[in-house]
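Q: Handing you this structure, nothing more for now.
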Amino acid sequence: MILQPGTAVPDGSTYLASTPDHVRWGRLPCAADAPVLSVESGSEVVIDTISHEGILEDQGRDPRAFFAAHGVEGSDVLEDAVALAASDHPRTWGVDGPHVVTGPIEVSGAEVGDLLAMHVLETLPRVPYGVVSNRHGKGALPGEYPLDGDVFSAFCSVGERDGRAVGVLPVAPGSERTVAFDLHPFLGTMGVAVAGAERPHSVPPGPFGGNIDINLLTVGSTLYLPVQVTGALAYVGDPHFAQGDGEVALTAMEASLRVRIGLEVIAREDAVTAFGELVGPLAETTDYLVPTGLDLDLDVAVQHCVRAAIALLQARFGMDPRHAYAYLSAATDFRISQVVDVVKGVHATIRKSDFA
């Protein structure tokens, strides 16, 4: 099923379409931006997101033509992606980022110092295909790939294996042999607006969240973000069907999603009791608490993540920092979120069951 804008939206839902006036392309919202939607704390919003793959200038900025070359019918290309690519939306190729971000959404009652909890309640693929690209000498091996040209885009279809949806990638261009991998849809970008009047670039993540690319943020997870401006001004984007830790080629299986997000304000005093003083994003899944570390230097990002994890264990479970450090070394995995977004990301997976 193709989820075109406005189709199959559940009755009574608060719905936000990704029309050109509801998105930022290549930049993230700041305090000077007017919200495109205002909701109360505790509300759920159904949001359409648009993948940047297939609409960018180095792919022709014509998604119908780009996907037709991979056998996709014109009716199976998203109309909002076509409209955005054809629009004069303010963006400078080569200066601004590639990501399409839907929002911002004002959450009533959110004040600086609070946390905004973004609960991932549903992630529905809007199309049965996606793209993995390596471009412009970026990625983990910038001096080696792409092998030729400025961009290599690998088309992936969605198939089925053992009753599960999988991504299907040819082993070589034009090959009938394929490799299949499980899909775990999530949003690469979830964030709140920054203070001031300057919109951040969409690529590097920061204390505000943004392009954190943590693949654990699937259905049932929550991202907690320190509120930077009154109303929080939340946004989402950079939808993925799948991504490995590291995202080494630059993008993963990028493809548009319709998501249902719950937005909840956690007052500062409650937030400090539950998590300590958060200086950056914190994720939570059914199984894990997931503190993060961000820096241009991967080694420093790891150090930030370890410090955040120690502080979380002190606040949440009353651990002595020396014992928390020992526990993390014995029992917790520190994973590379991504190494391709200028600011590198690390996240820890602290098992909640260890403290039952």
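Position 246 of the sequence shown, counted from 1, bears residue number 237 in the working numbering, the numbering being contiguous throughout.
Positions of the beta carbon are idealized from the N, C-alpha and C atoms, including for glycine.
1. Shortest alpha-carbon distance to T114 belongs to which of G165, A246, G88?
2. Buried or exposed, going by whether 16 or more other CB atoms sit within 10 Å of the CB of D324?
3. Put D204 into one of helix, strand or coil per three-state DSSP.
4. Keeping to the same chain, check which residues put their C-beta closer than 6 Å to that of L269; ignore five residues upstream and five downstream.
5. Does D141 come within less than 7 Å of chain D when only Cβ atoms are used?
6. Which value, in whole angstroms, describes the spacing of the CA atoms of F308 and D345?
7. So for A394, helix, strand or coil by DSSP?
8. Going by the CB atoms, is the gap between M244 and A262 shorter than 7 Å?
9. What number of angstroms, rounded off, separates the C-alpha of S212 from the C-alpha of L254?
10. So, under 8 Å CB-CB, G158 and V149 are touching, yes? Tell me the CB distance rounded to an integer number of Å.
11. How would you write the range of the alpha helix (DSSP H) that D290 sits in, first residue to last?
12. From the DSSP output, which residues share a beta bridge with D161?
13. Could you spell out where the beta strand (DSSP E) holding Y215 opens and where it closes?
14. Report back the beta-carbon spacing between P89 and H43 to the nearest angstrom; my notes put them in contact at under 8 Å.
15. How far does the alpha helix (DSSP H) with H314 in it extend, from its first residue to its last?
16. Can you name, in chain order, every residue of its own chain whose Cβ lies under 6 Å from the Cβ of G12, other than the five neighbours on each side?
17. Tell me the start and end of each unbroken alpha helix (DSSP H) in the region 31 to 110 that is at least 4 residues and wholly inside, in chain order.
18. In this structure, how does DSSP classify K335 when only helix, strand and coil are distinguished?
19. Looking only at DSSP bridge pairs, what is F325 linked to?
20. If we count the other Cβ atoms within 10 Å of its Cβ and call it buried at 16 or more, is T180 buried or exposed?
21. Taking the beta strand (DSSP E) that D286 falls in, what are its first and last residues?
22. Considering D229, what are the terminal residues of the beta strand (DSSP E) in which it resides?
23. Nearest to E189 by alpha carbon, out of E102, G200, G128, D24?
24. Any idea what DSSP makes of F177, helix, strand or coil?
25. Where G267 and D87 are concerned, what is the direct C-alpha to C-alpha distance, given to the nearest angstrom?
26. Is it the case that the Cβ atoms of V142 and D49 are separated by a distance below 7 Å?
27. Kindly indicate which three-state DSSP category S344 falls into: helix, strand or coil?
28. Is A274 helix, strand or coil when you go by DSSP?
29. Which value, in whole angstroms, describes the spacing of the CA atoms of G201 and I327?
30. Between the alpha carbons of V185 and H192, how many angstroms are there, rounded?
31. Considering T264, what are the terminal residues of the alpha helix (DSSP H) in which it resides?
32. If you reduce the DSSP assignment to three classes, tell me which class P116 lands in.
33. To the nearest angstrom, how far is the alpha carbon of I46 from that of D332?
34. By DSSP, does H13 sit in helix, in strand, or in coil?
35. Out of F146, L319, P230, H80, state which residue places its alpha-carbon closest to the alpha-carbon of V281.
36. Of the residues T93, I341, A163, F57, which one's Cα is nearest the Cα of V37?
A: On the basis of the supplied data:
1. A246
2. exposed
3. coil
4. P217
5. Looking for chain D here will not work: only one protein chain is present.
6. 11 Å
7. Outside the modelled stretch of the chain, which goes from -8 to 347, sits residue 394, for which no answer is possible.
8. no
9. 12 Å
10. 6 Å
11. 289 to 308
12. According to the sequence as given, residue 161 is Pro; it is not Asp. Answer is T169.
13. 213 to 217
14. 4 Å
15. 312 to 322
16. The residue you asked about is not Gly; residue 12 is Asp in the sequence shown. Excluding sequence neighbours, D12 sits near nothing in its chain.
17. 54 to 59, 70 to 77
18. strand
19. A339
20. buried
21. 279 to 286
22. 225 to 233
23. D24
24. strand
25. 35 Å
26. yes
27. helix
28. strand
29. 16 Å
30. 11 Å
31. 259 to 266
32. strand
33. 19 Å
34. helix
35. L319
36. T93
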